[in-house]
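A.B. asks: The sequence shown begins at 23 in the working numbering and counts up one residue at a time.
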Amino acid sequence: MDDKSSTPNPKLLHRLQTEFSHQPDQIQNTLNLLLADNTIPFVARYRKEQTGNLDEVQIANLLDRYVYLKELEDRRETILNSIVDQEKLTEELAKKINAVQTKQELEDLYLPYKPKRRTRAMIAREKGFEPLAKLVLEEQGDRNQINDWLDEFQAGLSLSLPTDEIWRGVWDICAEKVAEDSQTRTRIRQLTFKQGAFVSEVKPEFKETNSKFEMYYEFNENISKIQPHRYLAIRRGEKEEILQARVHVQRELTESTLREIWLAKANLDFRQELQVALSDAYERLLAPSIETEIRQELKQQADESSIELFSKNLRQLLMQPPGGSKVVIGLDPGFRTGTKWVVIDHTGRLHENGVIYPVEPQRQVEASRRTLLSLIERYKAEIVAVGNGTGSREVSQFLKEFIKDLELKVRHLVVNESGASVYSASEVARKEFPDLDLTVRGAVSIARRYQDPLAELVKIDPKSIGVGQYQHDVNQKQLKQSLDRTVESCVNQVGVELNQASAALLSYVSGVTESLAARIVSYRDENGPFRSRQELMHVTGFGKKAFEQAAGFLRIRNAEYPLDQSAVHPERYDIVEKMAASQELLVADLIGNQDALQKIQFQEFVSEEIGSYTLNDILEELKKPGRDPRDDHQEVQFSETIQDMKDLQVGMHLQGVVTNITHFGAFVDIGVHQDGLVHISQISSQFIRDPLEACAIGQCIEVWVLEVDTQRKRIALSMRNPDSKFFDRNQSKSLKMKKRESAHQETRKKRNAGVDQLMEKFRSL
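In structure tokens:
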């Protein structure tokens with residue numbers, strides 16, 4: 023939050039208490055903590071008594087809503103001051119402005135008073151036509167009154183004006199009055215949202231052209247039902263100047279609404295002319311303005327939905343199970359330039375690197391085997407991690423045969439390398455490995471990503487990791503805030519090993535800035551490993567506030583004081599010491615001692631500051647100190663017979679790993695260099711609204727091939743077993759027909775190949 027004060031605004035606090043179901047003291051205490059520069063992870067983990075055990079999502083929602091209301095109040099004050107300066111603020115208008123609760127309503131009320139360029143209505147007012155416009159539109163003056171006004175007006179002029187010119191000016195004033203009326207705008211906006219359609223079509227010059235926007239060449243969908251990914255796709259099509267889009271609503275609906283609002287109080291003698299003014303108000307002023315607002319609203323909704331999905335995907339990716347502290351050989355596969363290799367020890371330190379050529383075109387199998395065998399024996403490597411990019415399947419097949427032939431105990435697996443190339447060229451990578459080639463840095467990233475995905479992925483811009491959709495089209499400020507929060511949440515949930523963490527990882531720890539993270543690493547390089555959390559206070563710039571926020575999330579393996587290895591905050595060490603004393607044990611002997619922990623009478627340690635939430639957290643931590651909340655590492659076994667899309671056949675049953683999730687389905691790597699799509703309708707036998715209900719990034723799943731389009735490089739998959747009683751009968755029938763057709767095509771290919779061979783022999787004779 024940019025504009026922080028030490029205490030929340032009482033008016034806004036009351037509003038939040040009416041909007042949220044939390045207790046009033048929960049809301050006030052939480053906001054007090056946030057406005058005092060405490061981070062969301064710290065408040066959620068170590069201030070549960072004050073917040074009433076609100077989780078990070080609830081705390082973030084409170085903060086975001088408070089920020090919105092604060093911005094609304096600031097804008098309200100600005101608008102009131104502006105209207106006062108114009109000497110146009112009435113008691114009724116001030117009451118309306120102070121009553122509105124959304125930014126849109128506020129801007130609607132301000133619109134007539136908002137400074138703008140000269141309009142046709144302004145020019146008409148300057149000529150003195152406004153009293154006549156009021157007489158016609160609002161005061162229901164009869165024709166005689168109006169004629170008298172015209173005569174009096176003309177008499178006061180030095181040069182007579184044509185009556186037609188006067189009336190044109192009057193209708194311009196009426197049109198602007200209608201278009202700027204807050205009630206009218208609200209009604210038309212609501213009507214357009216409910217009854218209108220969002221229409222897109224291809225530009226004439228692209229009509230015969232194939233593109234990724236083909237499904238939007240003739241698109242028409244109700245505005246209230248359009249999906250976020252579709253709206254963003256159309257926007258991108260407009261940006262690339264292939265599509266043209268517009269908001270469409272039936273003319274009779276808007277006209278009847280305008281008549282209902284305005285003709286009831288208008289002069290009966292001028293209804294016909296006023297209808298012309300109403301049409302002008304809509305076509306020239308209201309429709310373009312409302313379309314802009316609706317597009318902005320759709321964009322905001324699409325942004326929020328896409329950013330939320332992106333953040334969920336990112337959380338799943340960051341929280342993938344770590345392989346652990348093992349010696350890893352990382353391979354970045356390649357054909358022409360060879361496969362780069364690195365050796366990374368159990369701490370993530372690079373020992374050696376080089377290149378082998380196990381596959382075409384250079385294919386030096388024996389030399390590659392000798393190199394790898396030497397590395398495995400010399401460093402006692404346990405894992406060979408292969409990036410899943412170009413050449414991955416070929417290098418993996420070479421490794422499998424190599425390990426099997428020599429009966430080696432080392433394991434090999436494929437690692438998702440999305441974003442590794444971005445890391446390789448980044449400033450972080452250049453600082454870490456200034457003398458290494460980009461491809462070698464990529465191999466390092468692949469090896470480390472097996473050991474700890476979270477520690478390695480935080481070095482990469484989240485937008486480049488390869489999850490989510492349309493990340494470059496959404497609001498970049500909101501996206502950054504959401505992704506930063508997600509990364510910060512994951513890092514603090516897992517905890518950070520202080521003596522191994524990079525500056526990039528440390529910078530996401532609660533209370534640690536990028537500059538402070540760099541100073542921590544510099545201190546560690548100069549003075550050796552940290553021996554205690556308290557030693558952090560020797561780092562330049564690491565003050566009491568930073569220590570309070572960060573200490574509980576930083577771990578020190580083999581620390582001098584045993585609790586420094588745990589998630590117990592230093593401010594609660596005295597409680598643990600009292601617990602140990604109650605059992606006549608040292609703190610070190612209490613940790614992990616299930617029998618002793620069960621005997622502790624926890625109610626004895628309850629105080630005003632420390633309640634059951636904190637004591638339960640301490641108990642769980644003492645049972646399994648420094649536990650990793652991530653699941654155990656999983657591996658997917660790709661089919662050995664499937665190397666490329668051409669090897670796929672309809673109906674095949676394969677293993678895959680989920681690489682990305684969108685609103686319309688999940689993308690799955692099945693080992694053919696092209697991810698397949700499981701449409702949302704094929705994810706579960708039960709109805710689901712969100713693919714995340716049934717699958718997760720990094721999850722190993724079983725899929726069945728529904729369709730293969732090699733020309734467009736598209737693979738349709740299903741997670742629904744065709745043999746299951748839940749599988750749709752029509753889908754099963756369709757799948758059987760596709761299998762049969764696929765088999766027929768294969769037979770025809772073989773037959774044609776045989777004929778070609780005979781013809782070739784005949785020609786040779």
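No residue lacks a Cβ here, since even glycine has one placed at the ideal position from N, Cα and C.
Would you please state the rounded distance, in angstroms, between the beta carbons of Gln72 and Leu55? I believe it to be under 8 Å.
C.D. replies: That belief holds up - the Cβ atoms of Gln72 and Leu55 are roughly 6 Å apart, short of 8 Å.
A.B. asks: Just to confirm the assignment, what range does the alpha helix (DSSP H) spanning Ser740 have?
C.D. replies: Careful: Ser740 lies outside any alpha helix (DSSP H), inside the beta strand (DSSP E) at Arg736 to Ser740.
A.B. asks: Let me confirm a value: Ala738 is counted as buried when at least 16 other C-beta atoms fall within 10 Å, else exposed. Which label applies?
C.D. replies: Label assigned to Ala738: buried.
A.B. asks: Beta strand (DSSP E) containing Ile405: first to last residue?
C.D. replies: Residues Ile405 to Gly409.
A.B. asks: When you compare only the Cα positions, how much space is there between Phe575 and Tyr583?
C.D. replies: Phe575 and Tyr583: Cα-Cα distance of roughly 16 Å.
A.B. asks: Could you tell me which of Gly693, Gln587 and Ala688 sits nearest to Arg711, measuring between CA atoms?
C.D. replies: For Arg711, the nearest C-alpha among the options comes from Ala688.
A.B. asks: Assuming His36 is part of the alpha helix (DSSP H), what are its boundary residues?
C.D. replies: Counting along the chain, the alpha helix (DSSP H) containing His36 begins and ends at Pro32 to Glu41.
A.B. asks: Give a yes or no on whether the C-beta atoms belonging to Glu643 and Val590 are separated by under 8 Å.
C.D. replies: The answer is yes: Cβ separation under 8 Å.
A.B. asks: So, for Leu280: in the same chain, excluding its five sequence neighbours on each side, which residues have a beta-carbon less than 6 Å away from its beta-carbon?
C.D. replies: Excluding residues within five positions, the ones whose Cβ falls inside 6 Å are Leu300.
A.B. asks: Should Thr636 be labelled buried (16 or more other beta-carbon atoms within 10 Å of its own) or exposed?
C.D. replies: When all chains shown are included, Thr636 counts as buried.
A.B. asks: Please list the terminal residues of the continuous beta strand (DSSP E) segment that includes Arg268.
C.D. replies: Element bounds for Arg268: Leu265 to His270.
A.B. asks: Rounded to a whole number of angstroms, what is the C-alpha to C-alpha distance between Glu305 and Leu102?
C.D. replies: In a straight line, the C-alpha of Glu305 is about 30 Å away from that of Leu102.
A.B. asks: Take every Cβ of the stretch 560–575, pair it with every Cβ of the stretch 59–77, and state whether three or more of those distances are shorter than 8 Å.
C.D. replies: Counting Cβ pairs under 8 Å, three or more are found: they touch.
A.B. asks: Quick check on the burial criterion: 16 or more other C-beta atoms within 10 angstroms. Buried or exposed for Asn752?
C.D. replies: Interpretation of Asn752 is limited by its pLDDT of 47, a score under 50 that renders its predicted location unreliable; the figure taken from the coordinates is listed afterwards. Answer is exposed; the Cβ neighbour count stays below 16.
A.B. asks: Taking only the alpha-carbon atoms, compute the straight-line gap between Phe749 and Gln249 and give it to the nearest angstrom.
C.D. replies: Because Phe749 sits at a pLDDT of 49, beneath the cut-off of 50, its placement in the model cannot be relied upon, and the following sentence gives the value as read from the coordinates. Spanning the two alpha carbons is a distance of roughly 26 Å.
A.B. asks: Can you give, in chain order, each stretch of the alpha helix (DSSP H) that sits fully within the stretch 558–625 and has at least 4 residues?
C.D. replies: The qualifying runs are 566–572, 595–604, 609–612 and 616–621.
A.B. asks: For the beta strand (DSSP E) that contains Val679, what are its first and last residues?
C.D. replies: Its beta strand (DSSP E) spans residues His675 to Thr684.
A.B. asks: Could you pull out every residue in the same chain whose Cβ sits closer than 7 Å to the Cβ of His141, ignoring the five residues on either side in sequence?
C.D. replies: The sequence shown places Thr at residue 141, not His. Counting only Cβ-Cβ distances below 7 Å, and skipping sequence neighbours, we find Glu198.
A.B. asks: For the stretch 404–412 against the stretch 377–386, are there 3 or more C-beta pairs whose distance is under 8 Å?
C.D. replies: Segments in contact, no.
A.B. asks: Thinking Ile49 and Leu38 are a contact (beta carbons under 8 Å), I'd like their distance in whole angstroms, please.
C.D. replies: Right, their Cβ atoms sit about 5 Å apart.
A.B. asks: What first and last residue would you give for the beta strand (DSSP E) that runs through Gly687?
C.D. replies: Run containing Gly687: Gly687 to Asp691, per the beta strand (DSSP E) assignment.
A.B. asks: Just the Cα atoms here: how many angstroms apart are Leu714 and Ile683?
C.D. replies: Whole-angstrom Cα-Cα distance: 7 Å.
A.B. asks: Out of Glu478, Arg273 and Phe292, which one is the CA nearest neighbour of Met341?
C.D. replies: Measuring from the Cα of Met341, the nearest candidate turns out to be Glu478.
A.B. asks: Rank Ser467, Ser703, Val672 and Asp586 by C-alpha distance to the C-alpha of Ser446 and give the top, closest one.
C.D. replies: When only C-alpha atoms are compared, the closest one is Ser467.
A.B. asks: Taking the beta strand (DSSP E) that Gly191 belongs to, which residues open and close that run?
C.D. replies: Taken as a continuous stretch (DSSP letters only), Gly191 belongs to no beta strand (DSSP E), being part of the alpha helix (DSSP H) at Thr185 to Glu202.
A.B. asks: Nearest to Ser222 by alpha carbon, out of Cys512, Arg555 and Lys261?
C.D. replies: Nearest of Cys512, Arg555 and Lys261 to Ser222, Cα basis: Lys261.
A.B. asks: Reducing DSSP to helix, strand and coil, say where Leu728 ends up.
C.D. replies: Note: Leu728 maps to strand in three-state DSSP.
A.B. asks: Can you check DSSP and say which residues form a bridge with His701?
C.D. replies: Paired residues: Gly687.
A.B. asks: Take Thr732 as the anchor and find which of Asp697, Gly356, Met667 and Gln708 has the nearest alpha-carbon.
C.D. replies: Selected option, being the one with the closest Cα: Met667.
A.B. asks: What whole-angstrom Cβ distance do Val349 and Lys402 have, given they're in contact under 8 Å?
C.D. replies: Indeed, because the Cβ distance is near 6 Å, the residues count as touching under 8 Å.
A.B. asks: By DSSP's criteria, Phe220 is part of a beta bridge. Which residues make up the other side?
C.D. replies: DSSP lists Glu243 and Val269 as partners of Phe220.
A.B. asks: By the three-class DSSP mapping on this structure, what secondary structure does Val436 have?
C.D. replies: Residue state, collapsed to three classes: strand.
A.B. asks: Taking Ala324 as the reference, give the member of Arg252, Gln266 and His560 with the closest Cα.
C.D. replies: The shortest C-alpha separation from Ala324 is found at Arg252.
A.B. asks: In the stretch 308–337, which residue ranges form an unbroken alpha helix (DSSP H) of at least 4 residues, counting only runs that do not cross its ends?
C.D. replies: Within the stretch 308–337, no complete alpha helix (DSSP H) run reaches 4 residues.
A.B. asks: Among the residues of its own chain, which have a CB less than 7 Å from the CB of Lys334, if the five just before and after it don't count?
C.D. replies: Excluding sequence neighbours, Lys334 sits near Leu714.
A.B. asks: Suppose the cutoff is 8 Å on Cβ atoms and the five residues either side in sequence are ignored; what does the same chain contact list for Ala465 look like?
C.D. replies: So the list reads Gly352, Leu353, Asp354, Lys362, Trp363, Val364, Asn375 and Gly409, once near-sequence residues are dropped.
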